[in-house]
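So the sequences go chain by chain: A and B. Each residue of the first sequence is one higher than the one before, counting from 1 in my numbering. Each residue of the second sequence is one higher than the one before, counting from 1001 in my numbering. First the structure, in the form of structure tokens, and then the observations on it.
2 protein chains.
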Amino acid sequence: MNKRLGKKQWIDFGLKTLATQGINAVRVEPMAAELQVTKGSFYWHFKNRNALLEEILSAWKGYATNDIITNVEEQGGDATQRIRCLFTTVLEGDNRLDKEIRIWADSDNNVQTALRQIDQRRVTYLEDLFKELGFTAIQATARARLVYHALIGQFTMDVPAIDPFKPSRQFEIIFNMLIQKPN
Amino acid sequence: MNKRLGKKQWIDFGLKTLATQGINAVRVEPMAAELQVTKGSFYWHFKNRNALLEEILSAWKGYATNDIITNVEEQGGDATQRIRCLFTTVLEGDNRLDKEIRIWADSDNNVQTALRQIDQRRVTYLEDLFKELGFTAIQATARARLVYHALIGQFTMDVPAIDPFKPSRQFEIIFNMLIQKPN
DNA sequence: GCAAGTCAATACGCTACCGTATGGTAGTCC
DNA sequence: GGACTACCATACGGTAGCGTATTGACTTGC
């Protein structure tokens, strides 16, 4: 048993706490208690609470940049398949961290900025997929935004991702709607 | 000049503070300072902070129940017009309060419950509109959810509601997409 | 014009947390 | 085995905010 902690453990635990209990629960004394150490440990690794928050944010940036998109691209397939893949990946994933980051962003400008960049990147990716399907720029943009906003909305209200009764049916309807060319 | 405060002023100011600075800023001493009184006033009107929070929540429930839907219904018109009206009303409105309520709900179960009810009501309303347009139940459900989630997503990321350059164009695209019958 | 009722100021104790200072201990290096 | 490093405990002082108790002051009813 390695009772001694490293900086990484603190950051990981910070991320976990953020994801499960929100940014307000990321406080040094309570966390120290849960980790069975005192804050003496914390202040050895970090200048102050804010330093931890910054580390947490940049850890998330790492995850989010090297993210679903990469994953989807690795799976390959044509645009239709990739869109489908992206959907299911997001819908089935655990989005609590993303959600809490979004909430955190409401009260912290650095987080806000980081989040916007990630959002931008994702929307652009979606746009490209739709263009690949033959949609015009503006058609692609409209669709990409609609989808992305819906995805965000989906998990900020934590809708049970898959309706237990009519599961994939709705998914297919929406999917077809998005893919259908206008007129 | 009426320097004396009533319960209502406190609640209103609470709502305002919530909308502009989030639930974390709804604290009695800071609010008292801004209102140019001491907390002696607050504790005369309320048992404790939580009592204020409850009042705030139920005030919001009032707004939210007697809400956009009522508004849209008053405007009248057929389903298409009403959907269009609902869209623009929401997109042009000030959704900060709704957003902060949603954030608040993340850390308070009562709020969560209230919010779910409102969400439910709104989605159902949308569903009915789509049914009125001749969609089957499941088609209507899928569309209603997609739209609602997108709307939520739209303002939880605070996307500039109307893109300054291509304003209504995207709106029309999405609108047509939603209204078009499958196949 | 005086009693009741309404609102507010002040002063206090309490908790939760931040951050610092200082000293202690267990491994590592030579 | 002494020095050095990495980590942790303890004790302390400080702040923000909650809630309570007491007193004061203005307002209205009679």
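Even glycine gets a Cβ: it sits at the ideal position worked out from N, Cα and C.
Hey, would you say residue i sits closer than 9 Å to residue j, going by beta carbons?
i	j	result
MET1031(B)	PHE1046(B)	no
LEU1015(B)	ALA1059(B)	yes
GLY22(A)	ASP1106(B)	yes
ASN24(A)	ASN1109(B)	no
LEU151(A)	HIS1149(B)	yes
LEU1053(B)	VAL1026(B)	yes
ILE1174(B)	LEU1133(B)	no
ASN156(A)	THR1156(B)	Reading the sequence as shown, one finds Thr at residue 156(A) and not Asn. Yes.
LEU91(A)	VAL72(A)	no
PHE200(A)	GLU34(A)	Limits of chain A in this structure are 1 at one end and 183 at the other, which puts residue 200(A) out of reach.
LEU146(A)	LEU1146(B)	yes
GLN36(A)	LYS7(A)	no
ASN50(A)	PRO1182(B)	no
LYS1187(B)	ILE1118(B)	The shown model of chain B, from 1001 to 1183, leaves out residue 1187(B), and the question about it has no answer.
Label residue i either buried or exposed according to how many other C-beta atoms from any shown protein chain fall within 10 Å of its C-beta, with 16 as the threshold for buried.
i	result
MET1081(B)	Reading off the sequence shown, one finds Gln at residue 1081(B), where the question assumed Met. Per the 10 Å Cβ criterion, exposed.
ARG1102(B)	buried
TRP10(A)	buried
TRP104(A)	buried
GLY1153(B)	buried
LYS1099(B)	buried
THR1017(B)	buried
ILE1056(B)	buried
ASN1048(B)	exposed
ASN1095(B)	buried
ILE83(A)	buried
GLU1074(B)	exposed
Counting only beta-carbon atoms, is residue i nearer than 9 Å to chain A?
i	result
TYR1063(B)	no
ASN1176(B)	yes
LYS1099(B)	yes
ARG1169(B)	yes
PRO1164(B)	Since pLDDT at PRO1164(B) reaches only 48, below the 50 mark, its modelled position is unreliable, and no value is offered.
ASN1024(B)	yes
THR1124(B)	no
ILE1173(B)	yes
THR1156(B)	yes
GLN1180(B)	yes
Does residue i have its Cβ less than 9 Å from a Cβ in chain B?
i	result
VAL28(A)	no
GLY134(A)	no
VAL72(A)	no
ASN50(A)	no
THR80(A)	no
Contact between the region 1167-1183 of chain B and the region 130-150 of chain A is defined here as three or more beta-carbon pairs at a separation below 8 Å; is this criterion met?
Segments in contact, yes.
Contact set between the region 88-121 of chain A and chain B, restricted to residues whose Cβ is under 7 Å from the partner
Close to chain B, meaning a Cβ-Cβ distance shorter than 7 Å, are the following residues of the region 88-121 of chain A: ARG102, ILE103, ASP106, SER107, ASP119.
Determine which residues of the region 136-154 of chain A have a Cβ less than 9 Å from any Cβ of chain B, and write them out in chain order.
Against chain B - using a Cβ distance shorter than 9 Å - the residues of the region 136-154 of chain A are ILE138, GLN139, THR141, ALA142, ARG143, ARG145, LEU146, VAL147, TYR148, HIS149, ALA150, LEU151, ILE152, GLY153, GLN154.
Inter-stretch contact (C-beta, 8 Å, three-pair minimum) for the region 61-75 of chain A and the region 115-131 of chain A
Touching, yes, given that three or more Cβ pairs across the two stretches are closer than 8 Å.
Identify each residue in the region 28-43 of chain A for which the Cβ-Cβ distance to at least one residue of chain B is less than 7 Å, and report them in chain order.
Cβ contacts with chain B come from no residue of the region 28-43 of chain A.
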